[in-house]
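Enquirer: Got a structure for you, questions after.
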Amino acid sequence: MLDRVDRAGRPADTIKKFAESAVEDESDPAQRVRKVAKKVHDSFNTITSPKAMRSLSCRSAADVLRANYGNELESAVLCLAAVRSLGMTASVAVGVDANLWDESDKVAPTASAFAGVVVVVDLPEGPLYMHPRHGVFKNPGGWGRHWLLSVDDAGSLLPTYVYARGEREPGELHIAGKVTVDATGEAT
């Protein structure tokens with residue numbers, strides 16, 4: 001599946017125009033990625049029905065842009081091709097819900113654990129993750145408690161855990177704060 005998305009994510013002239021219109025005159029790479037993510041989110045129709053994923057079909061990025069709709073794979077293809085057309089290095093990973101799958105399971109995650117395809121953009125300050133529906137996030141970040149599954153050049157599984165903010169170990173959340181209760185019982 002990742003190879004299929006990667007091949008379909010080749011930029012074409014129409015994709016480059018789409019990406020350039022999104023970033024306008026922005027020069028910061030991370031902001032460019034954010035602007036592409038926002039444009040995809042605001043103007044593209046992602047079909048999330050399980051029926052759309054049954055065949056795991058994946059059209060080219062140019063075809064997906066022209067149609068202005070696509071399944072979860074095709075939404076990622078559009079994001080992937082757009083950032084690549086801007087000269088950035090990017091790859092894809094399958095996102096799975098950490099509550100439904102763990103790397104110690106040693107089996108492929110079930111379809112119910114599927115949380116989308118994430119574009120991993122390589123930036124000098126570290127990877128930036130782009131989900132077609134949820135936007136850009138970092139690790140740790142707002143899209144925490146997910147596994148990102150990719151493969152290395154030898155085809156071996158490379159699981160990356162995305163920590164939630166405040167999480168130190170998978171499944172362990174640390175929140176520190178101070179609550180003050182006044183004489184009326186109001187907490188602040």
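Residues in the sequence shown are numbered from 1 upward in steps of one, following UniProt numbering. Glycine included, C-beta positions come from ideal geometry on N, C-alpha and C. As the structure is a computational prediction, the values presented were derived from the model and not from experiment.
Around the Cβ of residue 189, are there at least 16 other Cβ atoms within 10 angstroms (buried) or fewer (exposed)?
Expert: Past the edges of the chain, shown from 1 to 188, lies residue 189, and the structure says nothing about it.
Enquirer: Taking C-beta to C-beta, are P109 and V118 nearer than 8 Å?
Expert: To locate residue 109, count along the sequence shown from 1; it is residue 109. To locate residue 118, count along the sequence shown from 1; it is residue 118. Contact: no.
Enquirer: Give the range of the alpha helix (DSSP H) segment to which H41 is assigned.
Expert: Along the sequence shown, read from residue 1 onward, the residue named residue 41 stands at position 41. Where H41 is concerned, the enclosing alpha helix (DSSP H) stretches over 29 to 43.
Enquirer: Do you know how far the Cα of P140 is from the Cα of V64?
Expert: The residue you call residue 64 lines up with position 64 of the sequence shown. The residue you call residue 140 lines up with position 140 of the sequence shown. Rounded to the nearest angstrom, the two C-alpha atoms are 31 Å apart.
Enquirer: On the CB-based measure, 16 or more other CB atoms within 10 Å of its CB, does L78 come out buried or exposed?
Expert: If you number the sequence shown from 1, residue 78 lands on position 78. Label assigned to L78: buried.
Enquirer: Assign P50 to one of three DSSP states: helix, strand, or coil.
Expert: By 1-based counting over the sequence shown, the position of residue 50 is 50. In the structure shown, P50 sits in a helix (DSSP, three-state: H, G or I).
Enquirer: Measure the beta-carbon distance from V136 to V83 and round it to whole angstroms, keeping in mind my assumption that it falls under 8 Å.
Expert: Position 136 of the sequence shown, counted from the start, is the residue given in the question as residue 136. Position 83 of the sequence shown, counted from the start, is the residue given in the question as residue 83. The Cβ separation is near 11 Å, so there is no contact.
Enquirer: Following the continuous beta strand (DSSP E) through T160, name the residue where it begins and the one where it ends.
Expert: Along the sequence shown, read from residue 1 onward, the residue named residue 160 stands at position 160. Where T160 is concerned, the enclosing beta strand (DSSP E) stretches over 157 to 162.
Enquirer: Could you check where the beta strand (DSSP E) with D152 kicks off and where it finishes?
Expert: In the sequence shown, residue 152 corresponds to position 152, counting from 1. Per DSSP, D152 belongs to no beta strand (DSSP E) and is neither H nor E.
Enquirer: Buried or exposed for G142, please, with buried defined as at least 16 other CB atoms from any protein chain shown within 10 angstroms of its CB.
Expert: Locating residue 142 in the sequence shown gives position 142, counting from the first residue. The residue is exposed, with fewer than 16 neighbouring Cβ atoms inside 10 Å.
Enquirer: On the criterion of 16 or more Cβ atoms from any shown chain inside 10 Å, does N99 qualify as buried, or is it exposed?
Expert: Within the sequence shown, residue 99 is the residue found at index 99, counting from 1. Exposed: under 16 other Cβ atoms inside 10 Å.
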